[in-house]
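**Q** I have a structure here, written as structure tokens, and I will follow up with some questions on it.
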Amino acid sequence: PHLVIETVEGRTSYGQVLADQWGFECWDGVRSDTRKNYPTAIDQLRIVQYDSCRGLEGWNLFALGLDRFYEHKLNTAPNPDSEALIDITALHKQYANQWLMIPMTRAIDCLVLNIVSNTSTVGSALKRVAEKAPDFVQWIKV
Numbered sequence: 027p028h029l030v031i032e033t034v035e036g037r038t039s040y041g042q043v044l045a046d047q048w049g050f051e052c053w054d055g056v057r058s059d060t061r062k063n064y065p066t067a068i069d070q071l072r073i074v075q076y077d078s079c080r081g082l083e084g085w086n087l088f089a090l091g092l093d094r095f096y097e098h099k100l101n102t103a104p105n106p107d108s109e110a111l112i113d114i115t116a117l118h119k120q121y122a123n124q125w126l127m128i129p130m131t132r133a134i135d136c137l138v139l140n141i142v143s144n145t146s147t148v149g150s151a152l153k154r155v156a157e158k159a160p161d162f163v164q165w166i167k168v
């Protein structure tokens, strides 16, 4: 939700703005009028919010602001009906971790994970993975 842009014409995504700047055609699933139709061209980039990415697979996937998505899910995790003998923090982390696995398992070939901060929970974890697995993980700072 942090990458949704409200305009006079309605909602759009930050991904759509980037695609426009780079000259790519895009099917922006954030826009309600776009969601009424299916993508019409094989080379269109498909943009969906994380909450809508179940069932969407692609050869190459770009997960923008993945650490912010994790923090959002961590902060909006439901509380249990009963708090007796339950570690709420651990329960919220489990909830956010499960949500994180959905976008991270959608790519068929190449997965690009974009983070806002390399000191965030997800950012620091990904940095450690990149350091331990340089043969198949590239850490690129832009």
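Using my numbering, you'd call the opening residue of the sequence shown number 27 and step up by one each time. Where a beta carbon is used, it is the ideal one built from N, C-alpha and C, also for glycine.
1) How about the stretch 104-118 and the stretch 60-74: do they share at least three Cβ pairs that are nearer than 8 Å?
2) Which residues share a DSSP beta bridge with G36?
3) Does the stretch 87-95 come into contact with the stretch 135-144, if we say contact requires no fewer than three beta-carbon pairs (one atom in each stretch) closer than 8 Å?
4) I'd like the list of long-range same chain contacts for W85, defined as Cβ closer than 8 Å, with 5 residues on each side in sequence excluded.
5) Given V74, which residues of its chain have a CB within under 7 Å of its CB, disregarding the five upstream and five downstream residues?
6) Please classify G41 as buried or exposed, where buried requires at least 16 neighbouring CB atoms within 10 angstroms.
7) Can you check whether the CB of A122 is closer than 8 Å to the CB of L152?
8) For W53, which three-state DSSP category applies?
**A** Reading it off the structure:
1) no
2) T33
3) yes
4) A133, I134, D135, C136
5) G55, L82
6) buried
7) no
8) strand
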